[in-house]
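Numbers 1 to 740, taken from the working numbering, label the letters of the sequence shown in order.
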Amino acid sequence: MSLSVQAVKIDALEQAEASSGVLSAMFLVFGSFTIAAGVLLVITIIMMLVDVRQKEYATVRALGMTRSDLRYVAMIEGSIAAAIGCGFGSMVGVGLAWLIGIGFSSVFATAGADVFSFHVDASSILAGWFWGFHLAIVTLFASALWSSRMIIVHALKSVPTRVPKHVPWGLYLFVIGAMGMCLVAAGMFVLGSGPLAHSVWIVLGCSIILLICPILFWIVPVLRAKRSPDGSLPTFREAPRKTIGFIGVFLLIWTGLPSSMDPIRADLTPNEFSFIVIGLVQVFAGVFVLSALAPLMIRTILRFASFRSGAVVPVALSYPLHKPLRTAVVMGMFSITVFSVIVLSGYTLQFENYSSSFVEESEGDFELMLSASRSRPLQLEGPIDDWGLVNTNRDNIDAVGRVYRAQAFIENQEEDRSPYILRGVDVDFAEHGGLPLHIWDSSLGDSSDEAWSSMQSRGDVVFVDASFGLESSLDGTSVGVFSVKVGENITIIDAQQPSHRREVMVGGILEQSSYLFSAGVWMPSEPVVEQYDGSLTRVYVSVSEGSAASQDFDSSEVRYFSAAGKSASEREAATELAEQLRMDLEKEGVDVSLIAEDVALIQSLVLSILALFEGYLAIGLIIGIAGIGVVTYRSVSERRKHIGMLRALGFTKGMVMRVHLIEIGWVSLLGILNGIVVALMFHVGLHSAIWEEEGAALVLPWSTVMWVLFGGAALVYLATLSPGRAASNIEPSEALRSSN
Numbered sequence: 001m002s003l004s005v006q007a008v009k010i011d012a013l014e015q016a017e018a019s020s021g022v023l024s025a026m027f028l029v030f031g032s033f034t035i036a037a038g039v040l041l042v043i044t045i046i047m048m049l050v051d052v053r054q055k056e057y058a059t060v061r062a063l064g065m066t067r068s069d070l071r072y073v074a075m076i077e078g079s080i081a082a083a084i085g086c087g088f089g090s091m092v093g094v095g096l097a098w099l100i101g102i103g104f105s106s107v108f109a110t111a112g113a114d115v116f117s118f119h120v121d122a123s124s125i126l127a128g129w130f131w132g133f134h135l136a137i138v139t140l141f142a143s144a145l146w147s148s149r150m151i152i153v154h155a156l157k158s159v160p161t162r163v164p165k166h167v168p169w170g171l172y173l174f175v176i177g178a179m180g181m182c183l184v185a186a187g188m189f190v191l192g193s194g195p196l197a198h199s200v201w202i203v204l205g206c207s208i209i210l211l212i213c214p215i216l217f218w219i220v221p222v223l224r225a226k227r228s229p230d231g232s233l234p235t236f237r238e239a240p241r242k243t244i245g246f247i248g249v250f251l252l253i254w255t256g257l258p259s260s261m262d263p264i265r266a267d268l269t270p271n272e273f274s275f276i277v278i279g280l281v282q283v284f285a286g287v288f289v290l291s292a293l294a295p296l297m298i299r300t301i302l303r304f305a306s307f308r309s310g311a312v313v314p315v316a317l318s319y320p321l322h323k324p325l326r327t328a329v330v331m332g333m334f335s336i337t338v339f340s341v342i343v344l345s346g347y348t349l350q351f352e353n354y355s356s357s358f359v360e361e362s363e364g365d366f367e368l369m370l371s372a373s374r375s376r377p378l379q380l381e382g383p384i385d386d387w388g389l390v391n392t393n394r395d396n397i398d399a400v401g402r403v404y405r406a407q408a409f410i411e412n413q414e415e416d417r418s419p420y421i422l423r424g425v426d427v428d429f430a431e432h433g434g435l436p437l438h439i440w441d442s443s444l445g446d447s448s449d450e451a452w453s454s455m456q457s458r459g460d461v462v463f464v465d466a467s468f469g470l471e472s473s474l475d476g477t478s479v480g481v482f483s484v485k486v487g488e489n490i491t492i493i494d495a496q497q498p499s500h501r502r503e504v505m506v507g508g509i510l511e512q513s514s515y516l517f518s519a520g521v522w523m524p525s526e527p528v529v530e531q532y533d534g535s536l537t538r539v540y541v542s543v544s545e546g547s548a549a550s551q552d553f554d555s556s557e558v559r560y561f562s563a564a565g566k567s568a569s570e571r572e573a574a575t576e577l578a579e580q581l582r583m584d585l586e587k588e589g590v591d592v593s594l595i596a597e598d599v600a601l602i603q604s605l606v607l608s609i610l611a612l613f614e615g616y617l618a619i620g621l622i623i624g625i626a627g628i629g630v631v632t633y634r635s636v637s638e639r640r641k642h643i644g645m646l647r648a649l650g651f652t653k654g655m656v657m658r659v660h661l662i663e664i665g666w667v668s669l670l671g672i673l674n675g676i677v678v679a680l681m682f683h684v685g686l687h688s689a690i691w692e693e694e695g696a697a698l699v700l701p702w703s704t705v706m707w708v709l710f711g712g713a714a715l716v717y718l719a720t721l722s723p724g725r726a727a728s729n730i731e732p733s734e735a736l737r738s739s740n
């Protein structure tokens, strides 16, 4: 005997694990934006602490403490805070995961899955604690290394940092690193990087920009200026700003360059990694451009605002101009969170717009489906008069199409074989138009209806679902069993008697939603029943055109789906007919459903999951807004004497309050606008790369943009209101006497 063993449960568990892995990967990818925002917040706070403690660090250095000792002190203090904070954050993360689990439970419950349960183990908590702690330690070490290199005399006397008249050694290291990145990316691209070729090409271009710009706009001008001392100071001052600005501009041009203008990129297929790289690069490139243009924008604003605001606006904008690095970090923190929220919202809106055609694709000219399992097939072979219908209005039934289901092996021309579903259709189903086809062989007819009739009459032609024509954007592999084209031959092999083989031609491919709702190889019903032991599992029912529901029918819960091309009266008649058929056939074990509502249920399930991700990403925006409150509070403590001097010079409490609100509003608004603009650019690129080929129109998430813009600005001002009020209540005499 020839026996084969299949580990059905193990395969099911592996598939379930892979499906949950997709959700986990989405959370990790989008959660990385929140992590990046948190890292930028930590960097901002550390920079502020270094500025506040600059004299303390200089004093202990003057008393004999070495740079390494100073780094150890900072690391010990930071390690204690990081250990406690990361442990607390892990516990908060468990609570957040519990709330997300509740959301998933409610979402899947609408689809009839009530087994979703929350589970957490110690490894998850320890992993979050471990990685969060080490990420904080790396950030602390970098900042401690930077702060320990201070000039003691300058720090004790609060001497402003002077513009160096030489090229910093760190810039040479940066150029060397960019050169190494160019070589690695070029090597990977030339030797072959497979599905990552598009990502590698993008990284290669970014590396070249990072290599060339510092040389052209910083190193070369400074070396030339050192030869002519007269007038060289502006060159030393403007070199960093010009370098950062040109890097940002060139990165935006490179990442946003259309494929038509780049012949190499036109031959490459973008994937998920490409979009992640492009998105992150565009966010930080926008921050670079804003940081470089900030002095020019501030000077322009001051020209127009000075005659109205007096000294308030110049004083408010002087601090962001004086601390460009800190301003850029805060803007980046806002930009990256706003970018992630807008991108996911745009993707959700685009999917909703694109999937609106799924109802029409899954229905065709049918509205209802009677279904059952293969173990208990439908007993509805005969005409409608033999069904024993008592409550059903038969005049509203226009046509009935029967679909038989069987299991067989399919094999392509490369002899790749896999089990798959066969669906046999009767003459009535084919003559009523079947299901919409995306593409078909022109010899079968000029329309989808003619193609179905030809398939039924010929017997050697089959239609397949869209999974046979879809490819993964990650690695280019087929989404289904294998990829086929219209006109190719495939072989259908009987699972019980492998010697029974039937070679057929793929005459067409169904619309894209078919791989979700109508998966299978569609062919005439006769061979499916006789050769492959098919069973009647589906009966499609069409409502007569122009039919209407009865006068006493309650249509308050009818869903009309205007995009599907059916009139309101037909939807009402179909809903009433479904209720009548349930009363007549429920005792026979027949499941009666509206096709449109089944499709809409799956659509709403996907949209609900995406909505959960949007709420998850909104946490990152809240972190950024809370960070602004922390930064403002630290800024008030740091500038206490400065505020006292302003009060002594005549600034009122209201003027001090406006100074802080304008300063925070300027930084946060630039960050939010940068995130919005870059996200919209990214969304347009995503549409041209993915959705445009599917025929979906471009839809921009303007409502989310407005909510983020105005809601984010309002929350920022609420978060900074308390620190700003505390700053305005500082008395001049108290602040000037303070040693801080």
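Note that the Cβ used here is the ideal one computed from N, Cα and C, for glycine as well.
Measure the Cβ-Cβ separation of residue i and residue j and say whether it is below 8 angstroms.
i: V359; j: A596; result: yes
i: V708; j: V338; result: yes
i: L585; j: G507; result: no
i: W440; j: V486; result: yes
i: P314; j: A294; result: no
i: Y633; j: P701; result: no
i: L290; j: W201; result: no
i: I336; j: A36; result: yes
i: F682; j: V203; result: no
i: V427; j: Y540; result: no
i: A285; j: R241; result: no
i: L516; j: T392; result: no
i: V461; j: V504; result: yes
i: A568; j: I421; result: no
i: I100; j: L612; result: yes
i: P524; j: G469; result: no
i: N412; j: I490; result: yes
Determine which residues share a DSSP beta bridge with residue i and list them.
i: M369; result: Y540, S593
i: I421; result: Q407
i: G401; result: Y540
i: I80; result: Its beta-bridge partners do not exist; DSSP assigns none.
i: W522; result: R423, F463
i: T491; result: E411, E503
Can you give me the Cβ contacts of residue i inside the same chain, cut-off strictly under 6 angstroms, excluding the 5 residues immediately before and after it?
i: D365; result: H432, G433, S542
i: T255; result: I278, V281, Q282
i: V22; result: Note that V22 scores a pLDDT of 49, beneath 50, so its modelled location is shaky; the value from the coordinates is reported in the next line. The answer is none, since no qualifying residue turns up.
i: M179; result: L211
i: E14; result: Model confidence at E14 stands at a pLDDT of 45, short of 50, so the residue's coordinates are unreliable and nothing is read from them.
i: I625; result: L715, V716, A719
i: E570; result: V543
i: H687; result: L698
Give the secondary structure of residue i by DSSP, where H, G and I count as helix, E and B as strand, and everything else as coil.
i: E450; result: helix
i: H166; result: coil
i: F561; result: coil
i: G21; result: Any answer about G21 is weak, because its pLDDT of 46 lies below 50 and its placement is not dependable; what the coordinates show is given next. Three-state result, G21: helix.
i: Y532; result: coil
i: S728; result: helix
i: R458; result: helix
i: R502; result: strand
i: D395; result: helix
i: K653; result: helix
i: L554; result: Residue identity differs from the one stated: residue 554 is Asp in this sequence, not Leu. Coil.
i: L700; result: coil
i: L510; result: strand
Considering only residues of the same chain and omitting the five flanking positions on each side of residue i, which have a CB-CB separation below 7 angstroms?
i: I133; result: Reading off the sequence shown, one finds Phe at residue 133, where the question assumed Ile. Excluding residues within five positions, the ones whose Cβ falls inside 7 angstroms are A82, A83, C86.
i: I208; result: C182
Within a Cβ cutoff of 8 angstroms, which residues of the same chain sit near residue i, ignoring the five residues on either side of it in sequence?
i: S513; result: S355, S357, F358, E361, S362, A466, V599
i: W218; result: V167, L171, A239, P240, K242, T243
i: G534; result: Y404, R405, A406, L422, G424, S525, V528
Worksheet item: So, do the region 251-264 and the region 311-319 have three or more beta carbon pairs nearer to each other than 8 angstroms?
Response: no
Worksheet item: Are the region 403-418 and the region 489-501 in contact at 8 angstroms, needing three or more beta carbon pairs?
Response: yes
Worksheet entry | Any 3 or more C-beta pairs closer than 8 angstroms across the region 232-252 and the region 653-661 | no
Worksheet item: So, do the region 68-80 and the region 128-142 have three or more beta carbon pairs nearer to each other than 8 angstroms?
Response: yes
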